[in-house]
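A.B. asks: Here it is: the structure, laid out below.
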Amino acid sequence: GENVEQHPSTLSVQEGDSAVIKCTYSDSASNYFPWYKQELGKRPQLIIDIRSNVGEKKDQRIAVTLNKTAKHFSLHITETQPEDSAVYFCAAPPSGGSYIPTFGRGTSLIVHP
Amino acid sequence: EADIYQTPRYLVIGTGKKITLECSQTMGHDKMYWYQQDPGMELHLIHYSYGVNSTEKGDLSSESTVSRIRTEHFPLTLESARPSHTSQYLCASSGGPLEREDINEQFFGPGTRLTVL
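Protein sequence lines correspond, in order, to chains R and W.
The opening residue of the first sequence carries number 57 in this note's numbering; numbering runs sequentially from there.
The opening residue of the second sequence carries number 3 in this note's numbering; numbering runs sequentially from there.
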């Protein structure tokens, strides 16, 4: 099955700085890579995703990059704000007929005002 | 509005009690999942279902059971609750008649926070 490694586990930045979270995956057939944000006490929600036919996708201050050769994808947040503080999870899609995505262990991002 | 619902949101019970956590979705999704998550920690898959009358155990060993008699309903039952079951339980769903199988965005419910005394 898929193996997903997510780093770092915690990330502390000052407001206005950039934050980068990286995930590596093992299954070269994987083709869809979502990122979820979970605010304190809330449910995880999709914030951005990328498909394997593109290398980068942007949505305002967030972007995701994908390197299929190296089998890693990263979440980039620019001009961080306190409301970006949350736990972020990457996921890699199911493979081999399974419909079960594999989640990374999560990154706790703290943005200090 | 299409959504995924969980009840109760909070539950405090004594050891040995039988409980059922409810999950319903109006998303039209065929796949449903149960995760166990301690606050801010990783998501542990405990059960999943591909459709009606289909249920499987996930990666995390669990003493709970699930059923899927209706597409929109996926309840989780603990026959005898223990303090080690104290956690948050998240229900999720994905897929649907118009969704490609390789696009597997998951939609999560608000969670049930369970405390077993």
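Ideal Cβ positions, reconstructed from N, Cα and C, are used throughout, including at glycine.
Just to make sure I have the definition right: I need the residues of chain R whose C-beta is within less than 8 Å of the C-beta of residue 33 of chain W. Which are they?
C.D. replies: Position 31 of the second sequence, counting from 1, holds the residue named residue 33 of chain W. Those within 8 Å of residue 33 of chain W in chain R are 155.
A.B. asks: Checking contacts by CB at 7 Å: is residue 81 of chain W closer than that to chain R?
C.D. replies: Start at 1 with the first residue of the second sequence, and residue 81 of chain W comes out as number 79. It does not: the Cβ of residue 81 of chain W has no partner Cβ on chain R nearer than 7 Å.
A.B. asks: Measure how close the beta-carbons of residue 46 of chain W and residue 32 of chain W come, nearest whole angstrom, since I'm counting them as under 8 Å.
C.D. replies: Residue mapping note: residue 46 of chain W aligns to position 44 of the second sequence, counting from 1. Residue mapping note: residue 32 of chain W aligns to position 30 of the second sequence, counting from 1. The C-beta separation of residue 46 of chain W from residue 32 of chain W comes to about 22 Å, leaving the pair out of contact by the 8 Å criterion.
A.B. asks: Quick one: Cα of residue 77 of chain W to Cα of residue 144 of chain R, how far?
C.D. replies: Along the second sequence, read from residue 1 onward, the residue named residue 77 of chain W stands at position 75. Along the first sequence, read from residue 1 onward, the residue named residue 144 of chain R stands at position 88. Computed Cα separation, rounded: 27 Å.
A.B. asks: Between W:20, W:71, W:27, W:37, which lies nearest to residue 89 of chain W when the distance is taken from Cα to Cα?
C.D. replies: For the purposes of this step, residue 89 of chain W is taken as the residue at position 87 of the second sequence. When C-alpha distances from residue 89 of chain W are compared across W:20, W:71, W:27, W:37, the shortest belongs to W:37.
A.B. asks: Using 8 Å for Cβ pairs, my map puts residue 75 of chain R next to residue 133 of chain R. What's the rounded Cβ distance?
C.D. replies: One-based indexing of the first sequence puts residue 75 of chain R at position 19. One-based indexing of the first sequence puts residue 133 of chain R at position 77. Contact flag correct, Cβ pair sits at about 5 Å.
A.B. asks: Output the distance between the C-alpha atoms of residue 107 of chain R and residue 87 of chain W, rounded to the nearest integer angstrom.
C.D. replies: Locating residue 107 of chain R in the first sequence gives position 51, where the first residue counts as 1. Locating residue 87 of chain W in the second sequence gives position 85, where the first residue counts as 1. In a straight line, the C-alpha of residue 107 of chain R is about 37 Å away from that of residue 87 of chain W.
A.B. asks: Taking only beta-carbon atoms, is residue 129 of chain R less than 7 Å away from chain W?
C.D. replies: Numbered from 1 along the first sequence, position 73 holds the residue referred to as residue 129 of chain R. By this cut-off, residue 129 of chain R is not an interface position.
A.B. asks: Note down, in chain order, every chain R residue with its Cβ under 8 Å from the Cβ of residue 23 of chain W.
C.D. replies: In the second sequence, residue 23 of chain W corresponds to position 21, counting from 1. Simply none; closest approach about 15 Å.
A.B. asks: Just to confirm, is the Cβ distance from residue 70 of chain W to residue 51 of chain W under 7 Å?
C.D. replies: If you number the second sequence from 1, residue 70 of chain W lands on position 68. If you number the second sequence from 1, residue 51 of chain W lands on position 49. Yes, the pair counts as a contact, with Cβ atoms nearer than the cut-off.
A.B. asks: If you measure between the beta carbons of residue 142 of chain R and residue 157 of chain R, is that distance less than 7 Å?
C.D. replies: Here residue 142 of chain R refers to the residue found at position 86 when the first sequence is read from its first residue. Here residue 157 of chain R refers to the residue found at position 101 when the first sequence is read from its first residue. For residue 142 of chain R and residue 157 of chain R, no; Cβs fall outside 7 Å.
A.B. asks: According to DSSP, is residue 169 of chain R helix, strand or coil?
C.D. replies: For the purposes of this step, residue 169 of chain R is taken as residue 113 along the first sequence, with counting starting at 1. Residue 169 of chain R falls in the coil class under three-state DSSP.
A.B. asks: Can you tell me whether residue 38 of chain W sits near the ligand FMN, meaning its C-beta is under 6 Å from at least one heavy atom of the ligand?
C.D. replies: Looking at this structure, you won't find the ligand FMN or any other ligand, since it has none at all.
A.B. asks: Give the straight-line distance between the Cα atoms of residue 127 of chain R and residue 112 of chain R, rounded to the nearest whole angstrom.
C.D. replies: Here residue 127 of chain R refers to the residue found at position 71 of the first sequence. Here residue 112 of chain R refers to the residue found at position 56 of the first sequence. Approximately 14 Å, taken between the alpha carbons.
A.B. asks: Cβ closer than 8 Å: which chain W residues qualify as neighbours of residue 83 of chain R?
C.D. replies: Residue 83 of chain R sits at position 27 when you count from the first residue of the first sequence. The contacting residues do not exist; residue 83 of chain R stays about 12 Å from chain W at best.
A.B. asks: Between which two residues does the beta strand (DSSP E) holding residue 96 of chain R run?
C.D. replies: Taking the first sequence and counting its residues from 1, one reaches residue 96 of chain R at position 40. Element bounds for residue 96 of chain R: n/a, residue is neither H nor E.
A.B. asks: Ends of the beta strand (DSSP E) at residue 145 of chain R?
C.D. replies: Counted from its first residue, the first sequence places residue 145 of chain R at position 89. Taken as a continuous stretch (DSSP letters only), the beta strand (DSSP E) holding residue 145 of chain R covers 142-148.
A.B. asks: Counting C-beta neighbours from all protein chains within 10 Å, is the total for residue 160 of chain R 16 or more, i.e. buried, or is it exposed?
C.D. replies: Looking up residue 160 of chain R in the first sequence gives position 104. Burial call: buried.
A.B. asks: Skipping 5 residues on each side, what residues in its chain have a beta carbon closer than 6 Å to that of residue 16 of chain W?
C.D. replies: In the second sequence, the residue the question calls residue 16 of chain W occupies position 14. 119, listed in sequence order.
A.B. asks: Measuring only between beta-carbons, confirm whether residue 117 of chain R sits less than 7 Å from chain W.
C.D. replies: As a first step, residue 117 of chain R is located in the first sequence; it is residue number 61 there, counting from the start. By this cut-off, residue 117 of chain R is not an interface position.
A.B. asks: DSSP three-state call for residue 24 of chain W: helix, strand or coil?
C.D. replies: Position 22 of the second sequence, counted from the first residue, corresponds to residue 24 of chain W. The answer is strand: DSSP assigns residue 24 of chain W an E or B state.
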